[in-house]
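Residue numbering for the sequence shown follows my numbering, starting at 3 and increasing by one per position. Even glycine gets a Cβ: it sits at the ideal position worked out from N, Cα and C. Here is the structure we will look at.
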Amino acid sequence: MPRQALRKPVLVSHIFPRGYDKRHHPRLLLEGRGFAIHGRRVHHWLDWLRPAPLLKVLNISVAGLGLLSRRRFRPGDELRLPSPVSRTALTLLVVRSERDTLNPRLYYTGARWFNPMTVALFREWTDLVALSERSQFQREIVSLPRR
């Protein structure tokens with residue numbers, strides 16, 4: 003009997019446990035149903051003709067944001083949106099954008115910070131993070147570099 007026939011198939015669930023997340027930093031959910039904000043793509047001339055897309059920030063991490071939008075973005079697109087308190091322009095780089103499984107008219111977009119997040123800017127999101135996630139949020143603030 004050939005060796006190939008003796009091998010048992012390896013299932014992905016045996017390698018990665020259920021609920022496995024390959025991200026290095028935990029995603030922290032925002033209070034309520036998220037934070038709605040107007041953002042825009044950077045270096046894209048058509049966006050000057052169209053209104054700024056409404057983005058819903060669903061979660062935040064030290065590495066980036068999880069967004070929900072009616073517009074699909076391409077990986078590599080740069081997004082600019084204001085921070086919640088100081089309105090400082092934050093630039094994000096789109097990593098993925100795929101249809102939402104619950105509502106196919108919406109797109110879930112994962113974006114990472116273009117520049118590393120500072121403690122002061124990350125702390126502005128404290129009031130928006132869900133109460134159950136605040137202790138983890140404070141631990142993430144400690145891990146950020148001081149500038």
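Original post:
What beta strand (DSSP E) runs, 3 residues minimum, are completely inside the region 74-141?
Top reply: 80-84, 91-101 and 109-115
**OP:** Measure the Cβ-Cβ separation of L70 and G36 and say whether it is below 8 angstroms.
**Re:** Position 68 of the sequence shown, counting from 1, holds the residue named residue 70. Position 34 of the sequence shown, counting from 1, holds the residue named residue 36. Yes, the Cβ-Cβ distance between L70 and G36 is below 8 angstroms.
Subject >> Cβ pair L30, Q138 closer than 8 angstroms >> reply: In the sequence shown, counting from the first residue as 1, residue 30 sits at position 28. In the sequence shown, counting from the first residue as 1, residue 138 sits at position 136. Against a cut-off of 8 angstroms, the Cβ pair of Q138 and L30 comes out as a contact.
Original post:
Helix, strand or coil: which one does DSSP assign to V64?
Top reply: Residue mapping note: residue 64 aligns to position 62 of the sequence shown, counting from 1. V64 falls in the coil class under three-state DSSP.
Original post:
Cβ atoms of P84 and W127: under 8 angstroms apart, would you say?
Top reply: Counted from its first residue, the sequence shown places residue 127 at position 125. Counted from its first residue, the sequence shown places residue 84 at position 82. It is not a contact, given that the beta carbons lie outside the stated cut-off.
Original post:
Under the rule that 16 or more other beta-carbon atoms within 10 Å means buried, what is R20, buried or exposed?
Top reply: Locating residue 20 in the sequence shown gives position 18, where the first residue counts as 1. Per-residue confidence for R20 stands at a pLDDT of 46, beneath the threshold of 50, marking its modelled position as unreliable; no derived number is given.
**OP:** Measure the alpha-carbon distance for I62 versus R136 and round it to whole angstroms.
**Re:** Numbered from its first residue, the sequence shown carries residue 62 at position 60. Numbered from its first residue, the sequence shown carries residue 136 at position 134. Rounded to the nearest angstrom, the two C-alpha atoms are 12 angstroms apart.
Original post:
Which residues in the same chain have their Cβ closer than 7 angstroms to the Cβ of F124, if we skip the five residues on either side of it in sequence?
Top reply: Counting from one through the sequence shown, the residue named residue 124 turns up at place 122. Closer than 7 angstroms at the Cβ level, and outside the excluded window around F124, lie I143 and L146.
**OP:** Find out if the Cβ-Cβ distance for the pair R72, R98 is shorter than 8 angstroms.
**Re:** Translated into positions along the sequence shown, residue 72 becomes position 70. Translated into positions along the sequence shown, residue 98 becomes position 96. By the CB criterion at 8 angstroms, R72 and R98 fall outside the cutoff.
**OP:** With distances taken Cα to Cα, identify the nearest neighbour of M119 among I39, L32, G41 and A65.
**Re:** By one-based count along the sequence shown, residue 119 stands at place 117. For M119, the nearest C-alpha among the options comes from A65.
Subject >> Rounded separation between F75 and K58 - CA only >> reply: Walking along the sequence shown from the start, residue 75 turns up at place 73. Walking along the sequence shown from the start, residue 58 turns up at place 56. So the two alpha carbons sit approximately 14 angstroms from each other.
**OP:** Give me the Cα-Cα distance between V121 and L133, rounded to the nearest whole angstrom.
**Re:** As a first step, residue 121 is located in the sequence shown; it is residue number 119 there, counting from the start. As a first step, residue 133 is located in the sequence shown; it is residue number 131 there, counting from the start. Between V121 and L133, the C-alpha separation is close to 19 angstroms.
Subject >> N-terminal and C-terminal residue of the beta strand (DSSP E) that H40 is part of >> reply: Walking along the sequence shown from the start, residue 40 turns up at place 38. Counting along the chain, the beta strand (DSSP E) containing H40 begins and ends at F37 to H40.
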